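K.L.:
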Amino acid sequence: GFVPLELDEALTSALKAFGLRHGATAFMTVLAGWALVLSKLSGQKDVVIGTPTANRTRSEVEGLIGFFVNTLALRLDLSGSPTVEELLGRVRAAALGAQEHQDLPFEQVVEQINPVRSLAHAPLFQVVFAWEETGDDDFELPGLSVGRVKAQRVAAQFDLTLVISEREGRLAGGIEYASALFDAATVGRFVHHLREALTSMIADPRRPVGEIDLLGEAERHRLLVEWNRTEAPYPADICIHELFEAQAARDPQAPALVHEGEMLSYGALNARANRLARHLRTLGVGPDRLVAICTERSPEMVVALLAVLKAGGAYLPLDPSYPAERLAFMLADAAPVAVLTDGSLGTPAVPVPVVDLGAEASWIGLPDTDLDRGGLTPRNLAYVIYTSGSTGTPKGVMVEHAGLAAVAAAWERSYALRPGLVHLQMAGFSFDVFTADIVRALGFGGTLVLCPRETLVDAAALYHLLQERRVSFADFVPAVLNELMAHVEDDDGDLSFMETVVCGSDVWTADGARRLRALCGPGVRIVNAYGVTEATVDSTGFEVGDLDGATAIPIGRPIANTRIYLLDDAGAPVPVGVAGEIHVGGAGVARGYLNRPELTAERFVASPFVAGDRLYRTGDLGRWRPDGTIEFLGRNDFQAKVRGFRIELGEIEARLSSCPGIRDAVVVARDGRLAAYYTTLPGAEPEVEALRAHLSSALPDYMVPAAYVRLRALPLTPNGKVDRAALPAAGDAGTRTHVAPVGPVETAVAAIWADVLKVGRVGRQDHFFELGGHSLLAVRLASKVRQALGSEVPASALFAAPTLEAFAARVASSGSVTLPPIAEVEGEGPFAPSFAQQRLWFVAQVEGGSEAYHMPIGLRLRGGLDEAALKRALDRLVARHEALRTTFVAVEGEPFQRVAPADIGFDLRRHDLTGRPGAE
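So the sequence shown is numbered by our numbering: it starts at 53 and just counts up by one.
(1) So, Val-360 versus Val-343, is the Cβ gap smaller than 7 Å?
(2) The alpha helix (DSSP H) with Asp-563 in it runs from where to where?
(3) Exposed or buried, Pro-793, counting other C-beta atoms within 10 Å across all chains shown (16 or more means buried)?
(4) Taking contact to mean at least 3 C-beta pairs separated by less than 8 Å, is the segment 607 to 619 in contact with the segment 280 to 288?
(5) Look at Lys-362 and Leu-423 and say whether their C-beta atoms are less than 7 Å apart.
(6) Report, in whole angstroms, the separation of the C-beta atoms of Ile-254 and Ala-66, which I expect to be a contact under 8 Å.
(7) Please report how far the alpha carbon of Glu-152 lies from the alpha carbon of Ser-710, in whole angstroms.
(8) Could you pull out every unbroken alpha helix (DSSP H) segment of at least 4 residues lying fully inside the segment 434 to 481, listed in chain order?
(9) Within 10 angstroms of the Cβ of Gln-305, are there 16 or more other Cβ atoms? Answer buried if so, exposed if not.
(10) What are the start and end residues of each continuous beta strand (DSSP E) run of 3 or more residues lying completely inside the segment 534 to 621, in chain order?
(11) Beta-carbon within less than 7 Å of Leu-418's beta-carbon, same chain only, minus the 5 sequence neighbours each way: which residues are those?
(12) Just confirm the distance between the C-beta atoms of Ala-87 and Leu-128, as a whole number of angstroms; I'd bet it's less than 8 Å.
(13) Along the chain, where does the beta strand (DSSP E) containing Val-657 start, and where does it finish?
(14) Tell me which residue opens and which closes the beta strand (DSSP E) that Ser-197 is part of.
(15) Check the C-beta distance from Asp-394 over to Leu-409 and give it rounded, since I have them as a contact under 8 Å.
(16) Measuring only the C-alpha atoms, how far is Gly-815 from Ser-843?
(17) Can you name the start and end residues of the beta strand (DSSP E) that Thr-860 belongs to?
(18) For Gln-299, is the classification buried or exposed, using 16 other Cβ atoms within 10 angstroms of its Cβ as the cut-off for buried?
(19) Just mark Arg-950 as buried or exposed, buried being the case when its beta carbon has 16 or more other beta carbons within 10 Å.
(20) List the DSSP bridge partners of Ala-727.
(21) Phe-661 and Leu-276 look like a contact to me (Cβ under 8 Å); what is the Cβ gap, rounded to whole Å?
(22) What is the DSSP secondary structure of Phe-54, reduced to helix, strand or coil?
(23) Here's the rule: buried if 16 or more other CB atoms are within 10 angstroms of the residue's CB, otherwise exposed. What is Arg-912?
(24) Quick one: Cα of Val-641 to Cα of Ala-488, how far?
(25) Return helix, strand or coil for His-74, following the three-state DSSP convention.
(26) Let's see if you can read the secondary structure: which residues bound the alpha helix (DSSP H) around Thr-487?
(27) Check each candidate in Asp-60, Glu-857, Phe-525, Arg-349 and name the one with the smallest Cα separation from Glu-314.
(28) Does the Cβ of Asp-235 have 16 or more other Cβ atoms within 10 Å, making it buried, or fewer, making it exposed?
(29) What does the alpha-carbon distance come out to for the pair Asp-211 and Pro-175?
(30) Closer than 6 Å to a non-hydrogen atom of the ligand NAD - does that hold for the CB of Leu-514?
(31) Would you list, in sequence order, the uninterrupted alpha helix (DSSP H) runs of no fewer than 4 residues that lie entirely inside the segment 785 to 814?
(32) When the Cα atoms are used, what is the spatial distance from Ala-624 to Leu-809?
(33) Can you tell me the Cα-Cα spacing of Gly-545 and Ala-562, whole angstroms?
(34) What's the gap between the Cα of Gly-240 and the Cα of Gly-632?
(35) Taking the alpha carbon of His-475 as the reference point, which residue from Ala-847, Leu-518, Ile-804, Tyr-730 has its own alpha carbon closest?
(36) Please list the terminal residues of the continuous beta strand (DSSP E) segment that includes Leu-502.
Okay, here's the thing in structure tokens:
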């Protein structure tokens, strides 16, 4: 496809003047702008752009007709936040340096660098900038008028090609793109970004390029305002436990809590919590005072949580399964005024009252009516939850009642929360989804079913509990949901009895969503949710609908009263389709980190877009889709650099998860190589080579893991997320070992490989390019295979079948061919092919019958025709080019025939190119 670009006369003149002031040309100025756009779109500071050069550096070749064009690879450095002036200087130096060495053939550069080879893209760059020096379209020669005929390309030569030329005082051209990778709307945005970049560059040459905004007013408004228009009314004046109290007053006999054989009504649960709350107030519990709760999952846990809130305090959840050292740190750091426990914590060494919930309760006789607020306001803390820190030290997140109330209203609206719904309480106590389960159920009249810890890890028991209690609403992490789905599938069961299934807290694959849809049927709502503890549980949601052809499940749009911004390193909003760090704003943003003012100031920042708003920098990466939904890309610390390429591990994990038989998959980068860890579905045992082949079919070679480790189960954190630090060392598991060739064809091909690649031995699974092969050696190999085995296999076959086993299979299936001898041409001496002819021959060997490498130009000639002169010219061409001397032609109804040049005739009157009579 092609999207046009035209700069008006004023901008064209400004660009020229700007370049002259800095010792650069208009070519260099536009190149700098194009590099800036590519850098911002890709997130890369090291950009390589290809550009064609005339390669006519000697006066002797100026007048020659022929193809001399060479391709230069310009490596442009945008690191260190240079100013526009500095960037232009770097571009000028790179362009002039490349021009000084333009005689070096591009193919030899590729051969020396030996980059990763792929049929999907060019070896050194995927983006080109072509500056065309064009004259008038029409001109006159003696007796002849010449006009340009617009050539129609049938294939894009590169992923993106920016073509610029100057006509009538304006710079114009456009971007040619590969339609398999981009659509016209996307490339149209690229054109707009380039125009914005060039305008900003010449307006302020001393501005750091990282601060240049590619967005126009319309796109900026859409990203910042339209897609964040989430304001909705919510009860900002309530404290979160008052939602529960209102339900208890409305229907005190309704079932509130179910745990194994025990059931508590709203009235009974409220009364028990009120008595304990009164006791806590005697211990000094009040606004912004923390109370630690450490119990096993039980009704007492919920009673304690509600009692702390009713007393005016904030609860600090402590999971008894945590290591003693971590629990001791949390107690010391948070300094609670009291500790509530059922004995799971033992006797904590803390200088505060310890209340044993399992002992004879001294507060049983206290009044069971609701308490007054006691000075509590919605701006006081509701809870503090400790999350893992990147430095290894946990950090406490402080969440207020107001933020939780805002998110609760969004849940009510999104999930149609109402009395009668049965909710599963699955999350661990120290996970903020536990609080979400409590609020969504008890704040809106539902029944909360507590899932025992042992049931959580037993898919059969979990399925039985869901069926027995007719659970209608459940919020799962992907790891638990995958185990549940596998059991339900094996049991020939279904989940159609549910009403809403939410999956969140980790990356969820499209394949997992498809499996869940099949088990639930069309009547169950399936939601992919995204959130962080620092923004009160949930920030976005996406209701899963039609999954045909989907490769990823978006995390959706911001929920009510939440704002999402995707920003680059400079804090500027990124365009649609570009990766940026997810920033969350709105009513749900937490107060900050307990006792960590420096970290709070670093991660919780003032919003530059809404006055008075605060943003939390999540450290997660995402990108806007054109429809306004967000695609999650993983953690910014889950990126890896392998063989010089920056990659997103989440992309590899998604592809691996889609392999047949794979249940869960995690990919990590260690010691400069990728290792894949996976679990399988029951009865499935995919071979490592099958996994590698599946990934190789969709990913470049450098993204295919070198080692594969099959695990019975992936290690999980207490919150149900994958614990990457606990993955075992991969060692050499799944790496290639030498396997001797099998059969005469593989043995013969292995000998040819060893000869061409100059290696000692070649095994079945050895990779041609990993052994040092490159495009020129591929052509040489194809020739040797033809000579030794009589098989015609194009050099391009090595890109699709790079292992010895796969390539030998191509050789075996190709059969043998016998080519007729080529007669020598009588001449005045050997015709040494020009460099341009060598290049075209080389590309023809790789591309086969493709015409993708041609650079067509069409000219319409009008005037008298000298048929004798044309015949002499054609005869000279035939004598010069072997491809024209031995030509295959097709005759309708007959097989291809090889004919001699003498049998080819030219009837110019019959083959008029225009289709109209006359000598034109």
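No residue lacks a Cβ here, since even glycine has one placed at the ideal position from N, Cα and C. Small disclaimer: the values here were computed from a predicted structure and weren't measured.
P.N.:
So, to answer that:
(1) As a first step, residue 360 must be located in the sequence shown, where it is residue number 308. As a first step, residue 343 must be located in the sequence shown, where it is residue number 291. The Cβ atoms of Val-360 and Val-343 lie closer than 7 Å to each other.
(2) Counting from one through the sequence shown, the residue named residue 563 turns up at place 511. Note, Asp-563: alpha helix (DSSP H), 562 to 572.
(3) For the purposes of this step, residue 793 is identified with residue 741 of the sequence shown, where counting begins at 1. Counting every other CB atom within 10 Å of its CB across the protein chains shown gives Pro-793 a total of 16 or more, marking it as buried.
(4) As far as the Cβ criterion goes, the segment 607 to 619 touches the segment 280 to 288, which means the pair count is three or higher.
(5) On the sequence shown, position 310 is the one that residue 362 refers to. On the sequence shown, position 371 is the one that residue 423 refers to. Against a cut-off of 7 Å, the Cβ pair of Leu-423 and Lys-362 comes out as a contact.
(6) In the sequence shown, residue 254 corresponds to position 202, counting from 1. In the sequence shown, residue 66 corresponds to position 14, counting from 1. Between Ala-66 and Ile-254 the Cβ distance is about 5 Å, and since that is below 8 Å, they are a contact.
(7) Sequence index remark: in the sequence shown, residue 152 carries index 100 (1-based). Sequence index remark: in the sequence shown, residue 710 carries index 658 (1-based). Cα-Cα distance, rounded: 49 Å.
(8) Under the rule that a run must span 4 or more residues, the alpha helix (DSSP H) segments found entirely inside the segment 434 to 481 read 453 to 467.
(9) Residue 305 sits at position 253 when you count from the first residue of the sequence shown. A residue is called buried once 16 or more other Cβ atoms fall within 10 Å of its Cβ, and Gln-305, having fewer, is exposed.
(10) The qualifying runs are 552 to 556, 577 to 582, 592 to 595, 614 to 619.
(11) Along the sequence shown, read from residue 1 onward, the residue named residue 418 stands at position 366. Arg-327, Arg-330, His-331, listed in sequence order.
(12) Numbered from 1 along the sequence shown, position 35 holds the residue referred to as residue 87. Numbered from 1 along the sequence shown, position 76 holds the residue referred to as residue 128. Contact holds; Cβ gap of about 5 Å.
(13) Residue 657 sits at position 605 when you count from the first residue of the sequence shown. 656 to 658 is the extent of the beta strand (DSSP E) around Val-657.
(14) As a first step, residue 197 is located in the sequence shown; it is residue number 145 there, counting from the start. 196 to 201 is the span of the beta strand (DSSP E), which, as asked, contains Ser-197.
(15) Looking up residue 394 in the sequence shown gives position 342. Looking up residue 409 in the sequence shown gives position 357. That belief holds up - the Cβ atoms of Asp-394 and Leu-409 are roughly 5 Å apart, short of 8 Å.
(16) Residue mapping note: residue 815 aligns to position 763 of the sequence shown, counting from 1. Residue mapping note: residue 843 aligns to position 791 of the sequence shown, counting from 1. Each residue's CA atom was taken as its position, placing Gly-815 and Ser-843 some 21 Å apart.
(17) Position 808 of the sequence shown, counted from the first residue, corresponds to residue 860. According to the sequence displayed, residue 860 carries Ala and not Thr. Segment 856 to 866 is the alpha helix (DSSP H) holding Ala-860; no beta strand (DSSP E) there.
(18) Position 247 of the sequence shown, counted from the start, is the residue given in the question as residue 299. Residue environment: Gln-299 is assigned as buried (16 or more neighbouring CB atoms within 10 Å of its CB, all protein chains considered).
(19) Here residue 950 corresponds to residue number 898 of the sequence shown, with the count starting at 1. With a pLDDT of 47 at Arg-950, under the threshold of 50, the predicted position of this residue should be treated as unreliable, though the coordinate-derived value follows. Label assigned to Arg-950: exposed.
(20) Counting from 1 along the sequence shown, the entry for residue 727 is found at position 675. Beta bridge pairing from DSSP links Ala-727 with Val-720, Ala-759.
(21) One-based indexing of the sequence shown puts residue 661 at position 609. One-based indexing of the sequence shown puts residue 276 at position 224. Separation of the CB atoms of Phe-661 and Leu-276 is rounded to 5 Å, and the pair is thereby assigned contact status at 8 Å.
(22) One-based indexing of the sequence shown puts residue 54 at position 2. Strand at Phe-54.
(23) For the purposes of this step, residue 912 is identified with residue 860 of the sequence shown, where counting begins at 1. Looking at its Cβ environment, which holds fewer than 16 other Cβ atoms inside 10 Å, Arg-912 is exposed.
(24) As a working mapping, residue 641 is identified with position 589 in the sequence shown. As a working mapping, residue 488 is identified with position 436 in the sequence shown. The alpha-carbon atoms of Val-641 and Ala-488 are separated by roughly 15 Å.
(25) Reading the sequence shown from its first residue, position 22 is the one you call residue 74. In the structure shown, His-74 sits in coil (DSSP, three-state: anything other than H, G, I, E or B).
(26) Within the sequence shown, the letter at position 435 stands for residue 487. Here the alpha helix (DSSP H) through Thr-487 covers 484 to 494.
(27) Here residue 314 corresponds to residue number 262 of the sequence shown, with the count starting at 1. Ranked by Cα distance from Glu-314, the first of Asp-60, Glu-857, Phe-525, Arg-349 is Arg-349.
(28) For the purposes of this step, residue 235 is identified with residue 183 of the sequence shown, where counting begins at 1. For Asp-235, the number of other beta carbons within 10 angstroms of its own is below 16, and it is reported as exposed.
(29) The residue given as residue 211 occupies position 159 in the sequence shown. The residue given as residue 175 occupies position 123 in the sequence shown. Straight through space, the alpha carbons of Pro-175 and Asp-211 are spaced by roughly 12 Å.
(30) As far as ligands go, the structure on display features none, and thus does not contain the ligand NAD.
(31) The segment 785 to 814 contains these whole alpha helix (DSSP H) runs: 795 to 809.
(32) Translated into the one-based positions of the sequence shown, residue 624 becomes position 572. Translated into the one-based positions of the sequence shown, residue 809 becomes position 757. Distance between the alpha carbons of Ala-624 and Leu-809: 49 Å.
(33) Counting from 1 along the sequence shown, the entry for residue 545 is found at position 493. Counting from 1 along the sequence shown, the entry for residue 562 is found at position 510. Each residue's CA atom was taken as its position, placing Gly-545 and Ala-562 some 21 Å apart.
(34) Here residue 240 refers to the residue found at position 188 of the sequence shown. Here residue 632 refers to the residue found at position 580 of the sequence shown. In a straight line, the C-alpha of Gly-240 is about 20 Å away from that of Gly-632.
(35) As a first step, residue 475 must be located in the sequence shown, where it is residue number 423. With distances taken between Cα atoms, His-475 lies closest to Leu-518.
(36) As a position in the sequence shown, residue 502 is number 450, starting the count at 1. Here the beta strand (DSSP E) through Leu-502 covers 499 to 502.
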